[in-house]
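See below for the structure under consideration.
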Amino acid sequence: MPHVLQRAVFQRAATLAVVLGLLLTGLVTVGLATSMGRDHADQVDRATDALLAALHADLHALESSLIAMRDTATTQALAHPADHAVAHPVLHDWPIHTRELTTTLENGFAQGTIPLARAVALFRHVDRRALAAYENAISDRDGVDVTVHPTPTDRAYVVERVVPSEPNSSALGFDLASEPRRLLGIEGARDTGLITVSAAVELVVPDDPAAVILFVPTYRTGDIPPTVDARREEFVGGLLAAVEPAALIERGPADALGLDVQVWDLGPGAGGSIEPTLLVGDPSTATISSARLEVAGRTWEVRTAPTPAFARTNRWPVVALGVAGLLLTIVIAVLGHVLRTREASAQVQVEVRTADLRRSQAELEAANEELRRTDQSRTEFLVTVSHELRTPLTSIRGFASLLEHHSHELSEEDRKDFVGQLARGAESMSDLLQEVLEFARLEHEQPPPVTMDLDLERLLDDVIERLPFANRIDVTIDGSAPTASGDPVAVRRALHNVLDNAASYSPEDAPVHVRVRPAAGPDMIEIVVDDHGPGVAPDDRERVFQRFHRGHDAQAGTVAGTGIGLTLARAQLERMEGRIHLEDAPGGGARVVIGLPCAQVRAARVDEMAPLSP
Numbered sequence: 001m002p003h004v005l006q007r008a009v010f011q012r013a014a015t016l017a018v019v020l021g022l023l024l025t026g027l028v029t030v031g032l033a034t035s036m037g038r039d040h041a042d043q044v045d046r047a048t049d050a051l052l053a054a055l056h057a058d059l060h061a062l063e064s065s066l067i068a069m070r071d072t073a074t075t076q077a078l079a080h081p082a083d084h085a086v087a088h089p090v091l092h093d094w095p096i097h098t099r100e101l102t103t104t105l106e107n108g109f110a111q112g113t114i115p116l117a118r119a120v121a122l123f124r125h126v127d128r129r130a131l132a133a134y135e136n137a138i139s140d141r142d143g144v145d146v147t148v149h150p151t152p153t154d155r156a157y158v159v160e161r162v163v164p165s166e167p168n169s170s171a172l173g174f175d176l177a178s179e180p181r182r183l184l185g186i187e188g189a190r191d192t193g194l195i196t197v198s199a200a201v202e203l204v205v206p207d208d209p210a211a212v213i214l215f216v217p218t219y220r221t222g223d224i225p226p227t228v229d230a231r232r233e234e235f236v237g238g239l240l241a242a243v244e245p246a247a248l249i250e251r252g253p254a255d256a257l258g259l260d261v262q263v264w265d266l267g268p269g270a271g272g273s274i275e276p277t278l279l280v281g282d283p284s285t286a287t288i289s290s291a292r293l294e295v296a297g298r299t300w301e302v303r304t305a306p307t308p309a310f311a312r313t314n315r316w317p318v319v320a321l322g323v324a325g326l327l328l329t330i331v332i333a334v335l336g337h338v339l340r341t342r343e344a345s346a347q348v349q350v351e352v353r354t355a356d357l358r359r360s361q362a363e364l365e366a367a368n369e370e371l372r373r374t375d376q377s378r379t380e381f382l383v384t385v386s387h388e389l390r391t392p393l394t395s396i397r398g399f400a401s402l403l404e405h406h407s408h409e410l411s412e413e414d415r416k417d418f419v420g421q422l423a424r425g426a427e428s429m430s431d432l433l434q435e436v437l438e439f440a441r442l443e444h445e446q447p448p449p450v451t452m453d454l455d456l457e458r459l460l461d462d463v464i465e466r467l468p469f470a471n472r473i474d475v476t477i478d479g480s481a482p483t484a485s486g487d488p489v490a491v492r493r494a495l496h497n498v499l500d501n502a503a504s505y506s507p508e509d510a511p512v513h514v515r516v517r518p519a520a521g522p523d524m525i526e527i528v529v530d531d532h533g534p535g536v537a538p539d540d541r542e543r544v545f546q547r548f549h550r551g552h553d554a555q556a557g558t559v560a561g562t563g564i565g566l567t568l569a570r571a572q573l574e575r576m577e578g579r580i581h582l583e584d585a586p587g588g589g590a591r592v593v594i595g596l597p598c599a600q601v602r603a604a605r606v607d608e609m610a611p612l613s614p
């Protein structure tokens, strides 16, 4: 097939691949977005169910822990009545081993085995007429002055012990019957023999948030009497646990992260009427999912709504797929263009060599070897471009996404910084492409360099003023240094690469020193560049000039680049009979020494090579 036809077929195939890539990406992205839109409500429902299950498990664990501690203390008291007996009649008939229970609670809070509870207290049913005697008895037994503030009722439910004692000591002596919501919870536990939970109440401790109270009833015999009347007669008090509803939500599962959560108490109020009360959340949020939970005699309703963060979390596959498809299409287009260009160049070379191949087998082998090298060079070129373009493309994509989705959350300074990051990413891609083009030109034969006398001071000034870190570079020119000779364009590019490397591998505030001096031999002048970076190991001082070889910091990802900067510098200098090598800098870091021919020596050499006049 003629090469023109081959090229046309290849171009059409590449174009078709790009079009199909865009079409496939669009179709898959739209389909996935539609499917995820339908699943969005289901995802919120599943997250709500997971949160509800976690709430139920946590509350059940707390109830089980409280019942176990009460039963253990009751068993201990009934088995060893003398251990907790007291001389005050008002404290008799108490079926809980107070000291044992207090120790168990203190250990439980210290070890974190009492989930959710803000505090756990022991409360006692005291006849209103015996309050003064009760206060004296507690003072004698515990050495604590307790004052119970009377209420109009004939009974009092007094907080006798609280753990942890600090900062909850102000709750000692508080009459739970003085507040209707607490009293309703106590009476529910008393009459049923089961744990009940109160409506939301304000805690006695100052500055504490609202909480709900779990009441665990205790009876004089240690067992639950069979009838309501008997339970009321035998009821002596029990345990209570204060729980902050917000703490329940904070312990929710990872599936519920990103949801706005409301918890409503639908249980009866103090008067028996239904009074929906918000325990947790913002009432102004419009919810889309709800579920109910029975909690110790009350009904809680958990309502949820997705936050923007939740929506973004569940939308990221669509965005990721779209971006990945677009990038893949761009890569296909770039690679197609590069391959077409390289293929055209290779085809021309093949056609030129085909005529010679007919005359000589040796020329055939040479042509085949040339094609192999060309193909290898093409592969290295594509691998390097693909790898190095990925970093700035990723940076541009990341900051563009932040600006698109979070612009309203960013300050003006952050937005300017992100735009600057985008500009620097684009500039990095431009520099990379320029460097790759220079490297590509080195693969082809080039005419001899144009050499002339060089004003190194002026040339250095021209290179430095174009660098973003020009203020960090100081230049010293030895007055005895002879005039150098070379190609000014090539020398300028080599100096740019060397100075850029020196600044990149040095700390941001570290200077870069440049000195122009005579070389040890009479035919060269040297430009010495010292940096304050990590330096280069002796074994690596030649390898860094090989194509695509990078230093330790660059391999670790802290310094960007293609690994061909020093390769270009050496190639450009050697074409004009110059040289470049690495040494240790006296103050630490690396020293790059560039050698250029002296103008006088080159002129003398040209005169010697000129043919004699007839």
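The letter at position 341 of the sequence shown is residue 341 when you use UniProt numbering, and the numbering goes up by one with no holes.
No residue lacks a Cβ here, since even glycine has one placed at the ideal position from N, Cα and C.
Counted within 10 angstroms of its Cβ, other Cβ atoms place residue i as buried (16 or more) or exposed
| i | result |
| --- | --- |
| proline 306 | buried |
| asparagine 501 | buried |
| histidine 408 | exposed |
| alanine 405 | It should be noted that the sequence gives histidine, not alanine, for residue 405. Exposed, because fewer than 16 other Cβ atoms sit within 10 Å of the Cβ of histidine 405. |
| histidine 581 | exposed |
| alanine 368 | Residue identity differs from the one stated: residue 368 is asparagine in this sequence, not alanine. So asparagine 368 ends up on the exposed side. |
| glycine 185 | buried |
| threonine 394 | exposed |
| methionine 452 | exposed |
| arginine 372 | exposed |
| valine 144 | exposed |
| threonine 104 | buried |
| glutamate 365 | exposed |
| alanine 156 | buried |
| arginine 12 | exposed |
| glutamine 262 | buried |
| threonine 15 | exposed |
Cα-Cα separation between residue i and residue j, rounded to whole angstroms
| i | j | result |
| --- | --- | --- |
| alanine 199 | glycine 398 | 48 Å |
| leucine 259 | proline 308 | 9 Å |
| lysine 416 | glycine 486 | 43 Å |
| glutamine 555 | arginine 118 | Residue placement at glutamine 555 is flagged as unreliable, the pLDDT there being 49, under the threshold of 50; the coordinate-derived value follows with that caveat. If you take the alpha carbons of glutamine 555 and arginine 118, they lie about 53 Å apart. |
| residue 616 | valine 19 | A question about residue 616 goes unanswered here, because the residues of the chain that appear run from 1 up to 614. |
| leucine 27 | serine 401 | 22 Å |
| leucine 194 | isoleucine 288 | 34 Å |
| leucine 357 | glutamine 347 | 15 Å |
| aspartate 531 | proline 511 | 7 Å |
| alanine 520 | leucine 573 | 18 Å |
| glycine 557 | arginine 251 | At glycine 557, the pLDDT of 48 sits below 50, so the modelled position is not reliable; the number obtained from the coordinates is stated separately. Near 39 Å, if we compare the C-alpha coordinates of arginine 251 and glycine 557. |
| proline 167 | arginine 231 | 34 Å |
| aspartate 154 | glycine 112 | 39 Å |
| alanine 73 | threonine 218 | 11 Å |
| serine 345 | glutamine 376 | 14 Å |
| residue 681 | threonine 483 | As displayed, the chain neither begins before 1 nor continues past 614, which places residue 681 out of reach and without an answer. |
| aspartate 175 | serine 411 | 53 Å |
| threonine 379 | threonine 341 | 13 Å |
Bridge partners - residue i, DSSP secondary structure assignment
| i | result |
| --- | --- |
| tryptophan 300 | Asp265 and Leu293 |
| glutamate 234 | According to DSSP, glutamate 234 bridges with nothing at all. |
| serine 485 | Asp453 |
| aspartate 531 | In the DSSP output, where bridge partners are listed per residue, aspartate 531 has none listed. |
| glycine 595 | Glu526 and Arg579 |
| tyrosine 505 | Paired residue(s): none; tyrosine 505 is not in a bridge. |
Extent of the continuous alpha helix (DSSP H) to which residue i belongs
| i | result |
| --- | --- |
| serine 139 | 131-142 |
| leucine 214 | Per DSSP, leucine 214 belongs to no alpha helix (DSSP H); it is in the beta strand (DSSP E), 210-219. |
| aspartate 179 | Note on residue identity: the sequence assigns glutamate, not aspartate, to residue 179. That residue, glutamate 179, is in no alpha helix (DSSP H); it is neither H nor E in DSSP. |
| histidine 513 | Counting along the chain, histidine 513 falls outside any alpha helix (DSSP H), though it belongs to the beta strand (DSSP E) covering 512-518. |
| glycine 108 | 98-111 |
| proline 245 | 245-250 |
Span of the beta strand (DSSP E), counted from its first residue to its last, around residue i
| i | result |
| --- | --- |
| alanine 568 | In the sequence as presented, alanine is not what sits at residue 568; that position holds leucine. That residue, leucine 568, is in no beta strand (DSSP E); its alpha helix (DSSP H) goes 565-574. |
| serine 170 | First-last for serine 170: undefined, no H or E at that position. |
| arginine 359 | Here arginine 359 belongs to no beta strand (DSSP E), and DSSP marks it neither H nor E. |
| glutamate 166 | It is not in any beta strand (DSSP E) - glutamate 166 carries neither H nor E in the DSSP assignment. |
| aspartate 539 | Looking at the DSSP string, aspartate 539 is not in any beta strand (DSSP E), and its letter there is neither H nor E. |
| histidine 149 | Premise fails: histidine 149 is in no beta strand (DSSP E) and is neither H nor E. |
| residue 644 | Any question about residue 644 goes unanswered here, given that the chain covers just 1 to 614. |
| alanine 474 | Note on residue identity: the sequence assigns aspartate, not alanine, to residue 474. Segment 473-477, the beta strand (DSSP E) holding aspartate 474. |
- Decide if the region 471-489 is in contact with the region 515-534; the criterion is three or more beta carbon pairs, one per stretch, under 8 Å apart. Taking a contact to require three or more Cβ pairs closer than 8 Å, the region 471-489 and the region 515-534 qualify as touching.
- Message: Three Cβ pairs or more, each shorter than 8 Å: is that satisfied between the region 178-198 and the region 207-223?
- Response: Because the criterion of three Cβ pairs below 8 Å is met, the region 178-198 and the region 207-223 touch.
- Item | Given 8 Å, three or more beta-carbon pairs between the region 529-548 and the region 451-471 | In short, these stretches do not touch, since the Cβ pair count stays below three.
- So, do the region 235-248 and the region 55-74 have three or more beta carbon pairs nearer to each other than 8 Å? Touching, yes, given that three or more Cβ pairs across the two stretches are closer than 8 Å.
- Do the region 40-51 and the region 68-79 make contact, defined as three or more Cβ pairs closer than 8 Å? They do not touch, by the three-pair rule.
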